[in-house]
Amino acid sequence: MSARSLPRSLTFPAFIALYVLFDWATYIDPLYGLNITPWNPDPALGLVFWLLHGWRAALPWYVALVLGEWLVRGMPAGLPLTLLLSLWLVIGYGMLGAVLKRAFGGGGVFDSRRKLFEWVLIVVGGTLFNDVVYMSLLSLAGLIPSGEWAAVVLRFGIGDMVGVLVSMPLLWMLSSAEGRGRLKSTVWRCETLGYLALAICVLAFVFGTIATSEFKHFYFLFLPVIWAASRQGFYGTALMVFVLQLGIGALVKWNNAVNIEVAQLQMLDAMLALVGFSLGIVVDELRRVSNDLKQSLRLAAAGEMAAALAHELNQPLTALSAYGKACEHLIERTDVGPGGEMLKNAVQRMIAESGRAADVVRRLRDFFRTGAMRLEPVEVGQLVSSVSQQFFTQLRQHGVQLTVEEMPPLAMLADRVQVELVLRNLLANALDAVQERPAGQRRIRLSAQLLDRKGRLAGEGAGSCVQLSVEDSGKGVSAELQARLFEPFVSSKATGLGLGLVLSRAIMEAHGGSLWAEVGEQGIFRMALPLARRAEEGQEHYVAA
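Counting from 68, one number per residue, gives the positions in the sequence shown under my numbering.
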């Protein structure tokens, strides 16, 4: 369930219904008729909901807890005590959710082994603290024997801890459209059926003999987990361990294996999940490193090609400028009639443009060979005005409406020639994109905003970088194209080389800025550069919000 995909009026009731359903489905082998079970995934759902909604999740979570006690267990503690106990659970798990949100609010909960380790420590510490207080309240109310307090705390703590550790990764993936899309693209393969079938066979074998051999064959369960982790990374592992947990709970119940310590079995399952998660994250990290290396090699090849092209173009541009100056001298010495002044102006413009092109080529050649940049304060308004004027003729020719929003009086620390090249490339791409639209629907808009250090819109005086946006009425960028858009030699144009955006992003990142495209029905490209006053303190990288 995604906070972004459903309005709150539907999201909250859907959460309450799903929470109660989880409570009912996992109410297996309880102690004293209370919610003390060997596997309790309900808090995992609540924590994911808290990460999405923050403190606004407290009320629906409280309602779900009370309804679960009433509908599933018949409210054995009575209404007043149930309300009190449910309040503590919301407070306790709310504090755990707040810690998780503070630690991982920006996303990337399971992106690295370090974050996985931090998540495990927070979950284990938070659930144990919450369970100790909850069991103490039950003991004071006389609902559990005082001599059994430690054993009950251990059982309830293991149930909550294992429920969160095993279930939360998959629920977190399912909570957003991006996570669901990535999960589907990862596991929607025939191979997934293979390791799921292996898991079913292994479960049948292990629990077919467990009544006499206890945990001797439990290690066979590592086979499908290792298969899923090594082939599909963390996303495949999350699905696999959740399915195994469901199978273990169902088979233990149906087998009536009374000699099995369910709490010990749950601890083994938690270790199985953590080993699988660690392996899956390592596989994902290795794939990212491999992809980054391939990308770096492609960028190096693109840079070498750009440097070679710049070197080859430099001589013709120099010759063009020399021929233009020669023409200018001939015009001055010869009577060319009434059109002489116009001809002279045209030749002078040709000399100026060839000189500008030669300067761009030389600066690009130096940049791709040595990384050289000539940093200077560049006014945002002057930059936009200078680049947009170069397109006026083409805009009129194709009937394109260019809207330039009021530019803030800000300066960026940048190499003017290189940044002009990036903005010119974005405008040229926008112009190509809108030509596919009917006449009267061809629009391009240029705007600028201040961003803070986290990439969010900021007020005047609080910003750290300038974001320039180029939006057009073209067909836009799909999620699939966005993933490959900045790869070398990838282009949506029939005659494109696929180098413009790659080189533009390389230039922006060398400046400590960023360039990205947004998915949408219309084209949206944004570039961000540090302010001149901030850049003097040290360059920083700014990314899309």
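Cβ atoms here follow ideal geometry from the backbone N, Cα and C, with glycine treated the same way.
Helix, strand or coil at residue i according to DSSP, with G and I counted as helix
{"i": "Thr460", "result": "helix"}
{"i": "Gln508", "result": "coil"}
{"i": "Val471", "result": "strand"}
{"i": "Ser213", "result": "helix"}
{"i": "Trp91", "result": "helix"}
{"i": "Asp539", "result": "strand"}
{"i": "Trp255", "result": "coil"}
{"i": "Val176", "result": "coil"}
{"i": "Val308", "result": "helix"}
{"i": "Val544", "result": "strand"}
{"i": "Glu503", "result": "coil"}
{"i": "Ser243", "result": "coil"}
{"i": "Trp106", "result": "coil"}
{"i": "Pro97", "result": "coil"}
{"i": "Pro208", "result": "Pro is not the amino acid found at residue 208; the sequence shown has Ala there. Three-state result, Ala208: coil."}
{"i": "Leu260", "result": "helix"}
{"i": "Phe553", "result": "coil"}
{"i": "Pro405", "result": "coil"}
{"i": "His578", "result": "coil"}
{"i": "Ala278", "result": "Residue placement at Ala278 is poorly supported in this model, since its pLDDT is 49, which falls under 50; the coordinates still yield a value, given next. The answer is helix: DSSP assigns Ala278 an H, G or I state."}
{"i": "Pro476", "result": "coil"}
Straight-line gap, residue i to residue j (C-alpha atoms, nearest Å)
{"i": "Val130", "j": "Leu112", "result": "14 Å"}
{"i": "Val310", "j": "Ile591", "result": "40 Å"}
{"i": "Pro80", "j": "Asp351", "result": "35 Å"}
{"i": "Thr401", "j": "Gln415", "result": "16 Å"}
{"i": "Val157", "j": "Ala584", "result": "40 Å"}
{"i": "Arg601", "j": "Ala481", "result": "Annotation note: pLDDT 43 at Arg601 (below 50); position unreliable, coordinate value reported separately. C-alpha separation (whole angstroms): 12 Å."}
{"i": "Lys182", "j": "Asn107", "result": "23 Å"}
{"i": "Glu666", "j": "Trp255", "result": "In the structure as shown, the chain begins at 68 and stops at 612. Residue 666 is therefore absent and cannot be evaluated."}
{"i": "Gln312", "j": "Val233", "result": "8 Å"}
{"i": "Ala271", "j": "Leu263", "result": "12 Å"}
{"i": "Ser455", "j": "Asp519", "result": "27 Å"}
{"i": "Ala506", "j": "Ser545", "result": "24 Å"}
{"i": "Ala424", "j": "Ala577", "result": "21 Å"}
{"i": "Leu188", "j": "Asn102", "result": "24 Å"}
{"i": "Ala244", "j": "Arg593", "result": "22 Å"}
{"i": "Met235", "j": "Ala595", "result": "35 Å"}
{"i": "Gly579", "j": "Pro597", "result": "7 Å"}
{"i": "Asp178", "j": "Val190", "result": "17 Å"}
{"i": "Leu462", "j": "Leu442", "result": "31 Å"}
{"i": "Leu114", "j": "Met142", "result": "23 Å"}
{"i": "Phe274", "j": "Ala266", "result": "12 Å"}
{"i": "Met307", "j": "Phe89", "result": "19 Å"}
{"i": "Gln508", "j": "Val501", "result": "8 Å"}
{"i": "Gly466", "j": "Leu494", "result": "15 Å"}
{"i": "Phe196", "j": "Met228", "result": "11 Å"}
{"i": "Gly407", "j": "Ala389", "result": "20 Å"}
{"i": "Leu582", "j": "Arg483", "result": "16 Å"}
Residue i classed as buried or exposed, judged by whether at least 16 other C-beta atoms fall within 10 angstroms
{"i": "His396", "result": "exposed"}
{"i": "Arg169", "result": "exposed"}
{"i": "Leu568", "result": "buried"}
{"i": "Met409", "result": "exposed"}
{"i": "Pro476", "result": "exposed"}
{"i": "Cys268", "result": "exposed"}
{"i": "Ala317", "result": "exposed"}
{"i": "Val586", "result": "exposed"}
{"i": "Val220", "result": "buried"}
{"i": "Asn358", "result": "exposed"}
{"i": "Trp122", "result": "exposed"}
{"i": "Ala208", "result": "exposed"}
{"i": "Leu288", "result": "buried"}
{"i": "Val231", "result": "buried"}
{"i": "Pro110", "result": "buried"}
{"i": "Val325", "result": "For Val325, the predicted model reports a pLDDT of 44, less than 50, meaning its position is unreliable and no value from the coordinates is stated."}
{"i": "Asn304", "result": "Position check: residue 304 holds Thr in this sequence, whereas Asn was assumed. Result: buried."}
{"i": "Thr470", "result": "exposed"}
{"i": "Ala278", "result": "Legend: pLDDT at Ala278 = 49, less than 50; position of this residue unreliable, value from coordinates given subsequently. That one is exposed."}
{"i": "Val291", "result": "It is Pro, not Val, that sits at residue 291 in the sequence shown. That one is buried."}
{"i": "Ser452", "result": "exposed"}
{"i": "Leu126", "result": "exposed"}
Beta-bridge partners of residue i, as assigned by DSSP
{"i": "Cys532", "result": "Leu518, Pro597"}
{"i": "Val482", "result": "The residue asked about is misnamed: residue 482 is Asp in this sequence, not Val. Leu442, per the DSSP bridge assignment."}
{"i": "Phe47", "result": "Missing from the structure shown is residue 47; the chain here goes from 68 to 612 and no further."}
{"i": "Leu290", "result": "According to DSSP, Leu290 bridges with nothing at all."}
{"i": "Leu513", "result": "Val471, Val537"}
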